[in-house]
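Residue 23 in my numbering is what sits at position 20 of the sequence shown, and the numbering runs on without skipping anything.
Glycine residues also receive a C-beta, built at the ideal position from the N, C-alpha and C atoms.
Keep in mind the model is a prediction, meaning the values are calculated, not measured.
Heads up, the thing below is written out as structure tokens.
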Amino acid sequence: MSKYWWSIEVLDGAFSAEQWRAAHAAALIEASITHGACDWDWQRHSWGVIFEIAFRDSDDWSVFRRLPAVTAALDAVPDPINGLMIYEGRGGTSASNDPRRPYPRAGAGAAPIPQEPSPVLIARLG
Numbered sequence: 004m005s006k007y008w009w010s011i012e013v014l015d016g017a018f019s020a021e022q023w024r025a026a027h028a029a030a031l032i033e034a035s036i037t038h039g040a041c042d043w044d045w046q047r048h049s050w051g052v053i054f055e056i057a058f059r060d061s062d063d064w065s066v067f068r069r070l071p072a073v074t075a076a077l078d079a080v081p082d083p084i085n086g087l088m089i090y091e092g093r094g095g096t097s098a099s100n101d102p103r104r105p106y107p108r109a110g111a112g113a114a115p116i117p118q119e120p121s122p123v124l125i126a127r128l129g
């Protein structure tokens, strides 16, 4: 069974991200569990916090993200301009027993096939 991980990174701003976590963690965890989350984790860093959340169904994230409790928590981050990052996958520094999966390289990492240059056309008047 695969898990669809999402990360919410909150950076310190007008107040610490840890204070934000203390105020909103219970609501975020309750909302995630009641709307299909199968795993979650908090990471604390010197610059802020990361809330990692996994769903069994990729559509459950969209439902979770639109919940009023989640919207209110994200609206209340310490730095609403530069201090909130939301992205798919594990965040920050994933633990060694739970590594981030690398994304596949475009074109399997191969070099492009060489193309012959187009001939130069010169028009002469007269």
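Self-check item: Identified DSSP bridge partners for F58
Solution: Y7 and A40
Quiz prompt | I32 to W45 span [Cα, whole Å] | solution = 10 Å
Exercise. Work out the CA separation of S5 and W23 for me, nearest whole Å.
Key: 30 Å
Quiz item: Closest by CA to W50, which one among C41, Y7, E12 and R127?
Solution: E12
Self-check item: Reduced DSSP category for Q118 - H, G, I as helix; E, B as strand; rest coil
Solution: coil
Practice problem: State the Cα-Cα distance for the pair W9 and P120, rounded to the nearest angstrom. | Solution: 44 Å
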